[in-house]
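Sequence lines, in order, name chains A and B. Just add 1381 to wherever you are in the first sequence, counting from 1, and you've got the working numbering. Just add 32 to wherever you are in the second sequence, counting from 1, and you've got the working numbering. Positions of the beta carbon are idealized from the N, C-alpha and C atoms, including for glycine. All of these numbers come straight from a predicted model, not from anything done at the bench. Step one of this worksheet: look at the structure below.
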Amino acid sequence: EPEVTQTPSHQVTQMGQEVILRCVPISNHLYFYWYRQILGQKVEFLVSFYNNEISEKSEIFDDQFSVERPDGSNFTLKIRSTKLEDSAMYFCASSAERGFDNEQFFGPGTRLTVL
Amino acid sequence: AQSVAQPEDQVNVAEGNPLTVKCTYSVSGNPYLFWYVQYPNRGLQFLLKYITGDNLVKGSYGFEAEFNKSQTSFHLKKPSALVSDSALYFCAVRPVTGGFKTIFGAGTRLFVKA
Chain A
1382 EPEVTQTPSH
1392 QVTQMGQEVI
1402 LRCVPISNHL
1412 YFYWYRQILG
1422 QKVEFLVSFY
1432 NNEISEKSEI
1442 FDDQFSVERP
1452 DGSNFTLKIR
1462 STKLEDSAMY
1472 FCASSAERGF
1482 DNEQFFGPGT
1492 RLTVL
Chain B
33 AQSVAQPEDQ
43 VNVAEGNPLT
53 VKCTYSVSGN
63 PYLFWYVQYP
73 NRGLQFLLKY
83 ITGDNLVKGS
93 YGFEAEFNKS
103 QTSFHLKKPS
113 ALVSDSALYF
123 CAVRPVTGGF
133 KTIFGAGTRL
143 FVKA
């Protein structure tokens, strides 16, 4: 069964450093998403991406965040200057079809720890 | 504000007994409703969804959920629990007019005892 994969599984960085979280969505999917879950809190939507542009973003997704699909298979989330409060589990997801009723398939997550 | 509530942090049930994991929501209009399950070190796995039609929705691994519009609830159920059902369960809502943004509950940990 095809799966969404994410690398690395755990990233430790110093405050102020840039990090790039990587995701490989399911190959025939066209819609891509990032969510985050701060420890002990809810899963929160960050951004959705389609046709090489952001289609939606939450208030969390400020100027320090960016997303990119650099090569047709990877989907990345960049945090330009990390803050302590960026420490969280970051989940990538993808879905096949347009239609807000379609289920999203999630990766296993990257745990980001900012020191 | 739009929100999803899972009132129980943990649900304990004996193997073979029925289980219920509760979810209520507060969104404007009619939402799309989802249940996801998360096993250790794995991503969220889709279980089932309610879009429209029959209020009782059947999903993967023998799970089902009942949409109750008047109570704004979407409780997850299974007639006979298995030890392997032990995991973290998330209820999620996507407002019909809300695009792709999905609002998640805090999660309920299900523990099934042999």
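{"Item": "Please look up how many angstroms separate the CB atoms of arginine 1461/A and glutamate 1399/A, rounded, as I've assumed it's under 8 Å.", "Value": "5 Å"}
{"Item": "Please compile the residues from chain B whose C-beta is within a distance smaller than 7 Å of the C-beta of phenylalanine 1487/A.", "Value": "Gly75, Leu76"}
{"Item": "Looking only at its chain, what residues have a beta carbon closer than 6 Å to the beta carbon of leucine 120/B, apart from the 5 residues adjacent to it on each side?", "Value": "Gln70, Gly139, Arg141"}
{"Item": "Since phenylalanine 95/B sits in a beta bridge, which residues does DSSP pair it with?", "Value": "Beta-bridge pairing links phenylalanine 95/B to no other residue."}
{"Item": "Out of Val1393/A, Gln1395/A, Ile1401/A, state which residue places its alpha-carbon closest to the alpha-carbon of proline 1451/A.", "Value": "Ile1401/A"}
{"Item": "Output needed for aspartate 117/B: all residues of its chain with C-beta closer than 8 Å, excluding positions within five of it in sequence on either side, in chain order.", "Value": "Leu51, Tyr93, Lys110, Leu142, Val144"}
{"Item": "With DSSP as the reference, label leucine 1402/A as helix, strand or coil.", "Value": "strand"}
{"Item": "Can the beta-carbon of phenylalanine 106/B be found less than 9 Å from the beta-carbon of phenylalanine 95/B?", "Value": "no"}
{"Item": "What are the boundary residues of the beta strand (DSSP E) that proline 63/B is part of?", "Value": "63-70"}
{"Item": "Using the three-state DSSP reduction, which class does glutamate 1466/A fall into: helix, strand or coil?", "Value": "helix"}
{"Item": "Counting beta carbon pairs with one atom in the segment 1483-1490 of chain A and one in the segment 61-75 of chain B, are three or more of them shorter than 8 Å?", "Value": "yes"}
{"Item": "Within a Cβ cutoff of 8 Å, which residues of the same chain sit near alanine 33/B, ignoring the five residues on either side of it in sequence?", "Value": "Ser58"}
{"Item": "When DSSP labels each residue in this structure, what does valine 59/B get in the three-state scheme?", "Value": "coil"}
{"Item": "Counting only Cβ pairs nearer than 9 Å, list the residues of chain A close to threonine 134/B.", "Value": "Tyr1414, Tyr1416, Val1424, Phe1426, Ala1474, Gln1485"}
{"Item": "How many angstroms separate the CA atom of isoleucine 1407/A from the CA atom of glycine 1490/A?", "Value": "15 Å"}
{"Item": "Rounded to whole angstroms, what's the CA-CA distance from glutamine 38/B to aspartate 1444/A? Just pull it up for me.", "Value": "32 Å"}
{"Item": "Comparing C-alpha positions only, which one of Ser1390/A, Asn1433/A, Thr1386/A sits nearest to threonine 1494/A?", "Value": "Ser1390/A"}
{"Item": "Of the residues Phe122/B, Phe132/B, Asn87/B, which one's Cα is nearest the Cα of glutamate 40/B?", "Value": "Phe122/B"}
{"Item": "Just the chain B side, please: which residues come within less than 8 Å of valine 1385/A by C-beta, in chain order?", "Value": "Gly75"}
{"Item": "Among Leu1496/A, Ser1475/A, Met1470/A, which residue has its Cα nearest to the Cα of valine 1424/A?", "Value": "Met1470/A"}
{"Item": "Secondary structure at valine 1385/A, three-state DSSP: helix, strand or coil?", "Value": "coil"}
{"Item": "Using the rule of at least 16 other Cβ atoms within 10 Å of the residue's Cβ for burial, across every protein chain shown, is glutamine 42/B buried or exposed?", "Value": "exposed"}
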